[in-house]
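Under the working numbering, the first residue of the sequence shown is numbered 135, with each subsequent residue one higher.
No residue lacks a Cβ here, since even glycine has one placed at the ideal position from N, Cα and C.
It should be emphasised that the depicted structure is a prediction, and the values quoted were computed from it without experimental measurement.
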Amino acid sequence: MMHQYVRQFGQKLVHRRGEDTIKESDDPNVHLSAVELVFLGVGRNLGAGLYIVVGAVAKYVAGPAIVVCFLVAGLSSLLSRLCYVEFDARVPRSSSAYVCSYIMMGQLWAFVVGWNIIVLFLSATACTAMAWRYAFDNLIGDRISQALEGSFPLHVPYLLATYADFFTLGLVLLLAVLLALGVPESAWVYRVFTGINILVLGFIIVSGFIKGDLHNWKLTEQDYELAAAGSFSHHSLGPPGAGGFVPFDFEGVLRGAATCFYAFVGFAAINTRGNEVTERQRSISLISLLMCFLAYFGVSAALTLMVPYYQIHHHSPLPEAFLHVGWGPARYVVAVGVLCVLTSSLLGDMFPMSRLIHAMAEDGLLFRGLARVYGHTKIPVMAIMYSGSLAAITALLFGFSDIVNLMAVASLLAYSMVSFSVLVLRYQPDQNLSKNEKTKEKIEIKFGVEGSPLDSEPEAGTSNILKSLWFPTSPIPTRKSGQIVYGCAFLLVLLLTILSLILAQWPRRVFSGDPVLTTMAVLLLLLISGVTVIIWRQPQSPSPLMFRVPALPVLPLVSIFLNIYLMMQMSTWTWTLFGIWNAIGFAIYFGYGIRHSLEENNEPQPPVSTS
């Protein structure tokens, strides 16, 4: 009885949704061309990450080496994006990583992916709203922040923000109400604001190279002392580090890269629109990733050339940079452009978040009431208000850097799960072939039982298993080869996590030849190489796909390793917030979702509607 219950429970966790169950809500009716998709990707990525995060990372974490941070983060994002494209291509009618995961990997896997993409969009909304407030506040002389700090201080250092940001709370709730009332999301709006964004960025980059000074990439301790003794407020100075181009060493570059990954998470929103272009055009969204990297590289280089990294303004780095070089009027031009861009980005973050919550609620994995739509307009009112309220509360209580890091961890985990999915799915047999093979195995087992038990030898069985690891018996994937890949892939994730932890916690000791840590790292690398070869030896599925990730299994594994290594750079508080969020998610799933999933019911329920 207990065995049967455990088996049924396990079957629910891995239950896959049928591709023919993709609903209209999973497939938005708005159609974008390939060029519009690129504009959408650029607009979604070049938001708060460009206008706010770049200043904070340069000032406190990486210094001028922030350009290297964006290079590392961009590489990790590129590898994840390649895996995303193949994963999305496996379910052509779907545009959501959550739906693809439900169909290809199972219910629990899909819930974890969807739940972490929700916190990604939630954090993005909160960060963008806070960045909007910073930009507006800078235009009026920081009066909002001064009033909030004096009226609503939060005396919980290192855990919460210094003051309750009721302005941002009201801004997010206002936008949520507008979306609930049916404010349309228009493609031409993104084109206009993206055009403004590109003009502002071009002006910043050109101005930075005109007014920049290469000495700001070679600063010394004497320069810092002069700045502290000068008219510049000593309290506004950041830490000097060791000076030079990499003042906070290689560890600072890696911590900065982990935070800068925030700048490239916008392509998750592109995937919610991937079905709006022809299938052969999907990979064109990679162009937007390249454009965004060039923009981040140029702006971060211009900023650190214009202003010494320790004098960068934390909340309004770019407008204040023009004030620093004596171009005061340009400060207002840049600030107005920033407000336009952030307004577009804010709306763009809230739309996909509410859409995903609505889809998960319709599937029964989240509370059914969140799937409620309004009348003939089919607007997911409850999902919009719920997600808007969560984002508003997050912006009210937590600091900007904490929210950015939380979003980076969630996105890195979600993209790692997508890369893992691509790795194992390429080696799985087609479902029809798998069913036939399963039937054949049952017949063989039946005849085997009728034979003499002395005919089987454990040594021969072990030998056959080891032989199948290196010399598969079939040129196409079988159920056994697929299970081998699954087991090896999970083992690789464990080994890569241990290696990343060692390299993140004790990098100097590992590379300086510490006998214990260096030996452990070398052994882990040998094990990783051996298990990777075992996966490489297994047959791949010949099923045609619109796009196939090259260099399998190496490329997905490198993507997973980079993502895990960047995750290891996060603070304990970030991991605490991340753990709390996922603990809430698992409580919802095991307490509600697993019992109310529509895939477990014989008669799917229609969406709840409010007239």
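Give the DSSP-derived three-state secondary structure of residue i in the structure shown.
{"i": "Val225", "result": "coil"}
{"i": "Val140", "result": "helix"}
{"i": "Pro381", "result": "coil"}
{"i": "Tyr443", "result": "helix"}
{"i": "Val683", "result": "coil"}
{"i": "Pro287", "result": "strand"}
{"i": "Ile513", "result": "strand"}
{"i": "Lys576", "result": "Low local confidence applies: a pLDDT of 42 at Lys576 is under 50, so the model's placement there is unreliable, with the coordinate-based value given in what follows. Three-state DSSP puts Lys576 in a helix."}
{"i": "Tyr297", "result": "strand"}
{"i": "Val399", "result": "coil"}
{"i": "Val459", "result": "coil"}
{"i": "Tyr508", "result": "strand"}
{"i": "Pro673", "result": "coil"}
{"i": "Leu524", "result": "helix"}
{"i": "Lys601", "result": "helix"}
{"i": "Met654", "result": "helix"}
{"i": "Arg643", "result": "helix"}
{"i": "Gln145", "result": "helix"}
{"i": "Gly727", "result": "helix"}
{"i": "Phe343", "result": "helix"}
I'd like to know if residue i contacts chain D, where contact means its C-beta is closer than 7 Å to some C-beta of that chain.
{"i": "Phe204", "result": "Structure shown: chain D not included; a single protein chain is present."}
Which whole-angstrom value is the C-beta distance of residue i and residue j, which I expect to be below 8 Å?
{"i": "Pro563", "j": "Ile518", "result": "About 42 Å separates the two Cβ atoms, so there is no contact after all."}
{"i": "Tyr723", "j": "Leu490", "result": "Wrong, their Cβ atoms sit about 15 Å apart, outside the cutoff."}
{"i": "Val306", "j": "Ala525", "result": "5 Å"}
{"i": "Cys234", "j": "Arg224", "result": "7 Å"}
{"i": "Asn272", "j": "Pro453", "result": "6 Å"}
{"i": "Ala207", "j": "Phe398", "result": "6 Å"}
{"i": "Leu457", "j": "Thr302", "result": "At roughly 24 Å, the Cβ-Cβ gap does not stay under 8 Å, so Leu457 and Thr302 are not in contact."}
{"i": "Leu256", "j": "Met487", "result": "6 Å"}
{"i": "Val683", "j": "Glu220", "result": "5 Å"}
{"i": "Tyr699", "j": "Leu658", "result": "Not confirmed; about 13 Å, so no contact."}
{"i": "Leu420", "j": "Arg215", "result": "6 Å"}
{"i": "Ser341", "j": "Ala436", "result": "7 Å"}
If you check the beta carbons only, do residue i and residue j fall under 7 Å apart?
{"i": "Ala328", "j": "Asp483", "result": "In the sequence on display, residue 328 carries Thr and not Ala. No; because the gap between Cβ atoms is not below 7 Å, this pair is not in contact."}
{"i": "Leu254", "j": "Ser693", "result": "no"}
{"i": "Gly346", "j": "Lys193", "result": "no"}
{"i": "Gly432", "j": "Ile339", "result": "yes"}
{"i": "Ala548", "j": "Ile251", "result": "yes"}
{"i": "Val538", "j": "Val201", "result": "no"}
{"i": "Phe286", "j": "Tyr268", "result": "no"}
{"i": "Gly503", "j": "Met494", "result": "no"}
{"i": "Val665", "j": "Leu625", "result": "yes"}
On a CA-only basis, which of the options is nearest residue i? Give me that one, please.
{"i": "Ala655", "options": "Val667, Ile669, Ile668 and Trp640", "result": "Trp640"}
{"i": "Leu209", "options": "Asp497, Leu630 and Ala392", "result": "Ala392"}
{"i": "His149", "options": "His730, Ala298 and Leu242", "result": "Leu242"}
{"i": "Thr438", "options": "Val140, Val683 and Gly197", "result": "Gly197"}
{"i": "Met702", "options": "Lys352, Leu388, Tyr444 and Leu428", "result": "Leu388"}
{"i": "Leu686", "options": "Leu711, Gly719 and Val558", "result": "Val558"}
{"i": "Phe111", "options": "Val188, Ala281, Val219 and Trp249", "result": "There is no way to answer for residue 111, as the model of the chain reaches only from 135 to 745."}
{"i": "Ala199", "options": "Pro684, Leu353, Ala362 and Gly316", "result": "Leu353"}
{"i": "Pro690", "options": "Ser211, Met516, Arg613 and Leu315", "result": "Ser211"}
{"i": "Ile697", "options": "Ser341, Pro514 and Leu546", "result": "At residue 697 the sequence reads Asn, which differs from the Ile that was named. Checked all of Ser341, Pro514 and Leu546; the closest Cα to Asn697 is Leu546."}
Measuring straight from C-alpha to C-alpha, what distance separates residue i and residue j?
{"i": "Leu205", "j": "Leu481", "result": "28 Å"}
{"i": "Phe143", "j": "Ala295", "result": "42 Å"}
{"i": "Ala265", "j": "Leu184", "result": "10 Å"}
{"i": "Phe501", "j": "Ser731", "result": "10 Å"}
{"i": "Met440", "j": "Ile446", "result": "9 Å"}
{"i": "Thr528", "j": "Arg671", "result": "47 Å"}
{"i": "Val311", "j": "Glu385", "result": "43 Å"}
{"i": "Arg643", "j": "Gly378", "result": "24 Å"}
{"i": "His368", "j": "Tyr443", "result": "In this prediction, His368 scores a pLDDT of 45, lower than 50, which makes its location untrustworthy; the coordinate-derived value is nonetheless stated afterwards. Rounded to whole angstroms, His368 to Tyr443 spans 14 Å at the Cα level."}
{"i": "Tyr139", "j": "Leu313", "result": "44 Å"}
{"i": "Gly747", "j": "Ser535", "result": "Because the chain in this structure spans residues 135 to 745, residue 747 falls outside the shown range and cannot be described."}
{"i": "Trp461", "j": "Met238", "result": "55 Å"}
{"i": "Asp357", "j": "Gly189", "result": "19 Å"}
{"i": "Val467", "j": "Cys474", "result": "11 Å"}
{"i": "Leu603", "j": "Arg729", "result": "38 Å"}
{"i": "His137", "j": "Tyr232", "result": "30 Å"}
{"i": "Gly284", "j": "Leu333", "result": "37 Å"}
{"i": "Val246", "j": "Gly719", "result": "8 Å"}
{"i": "Pro381", "j": "Ser450", "result": "22 Å"}
{"i": "Leu661", "j": "Leu630", "result": "10 Å"}
{"i": "Met541", "j": "Ser608", "result": "43 Å"}
{"i": "Pro678", "j": "Arg560", "result": "11 Å"}
{"i": "Gly533", "j": "Glu359", "result": "29 Å"}
{"i": "Gln617", "j": "Ser230", "result": "26 Å"}
{"i": "Ala429", "j": "Leu180", "result": "8 Å"}
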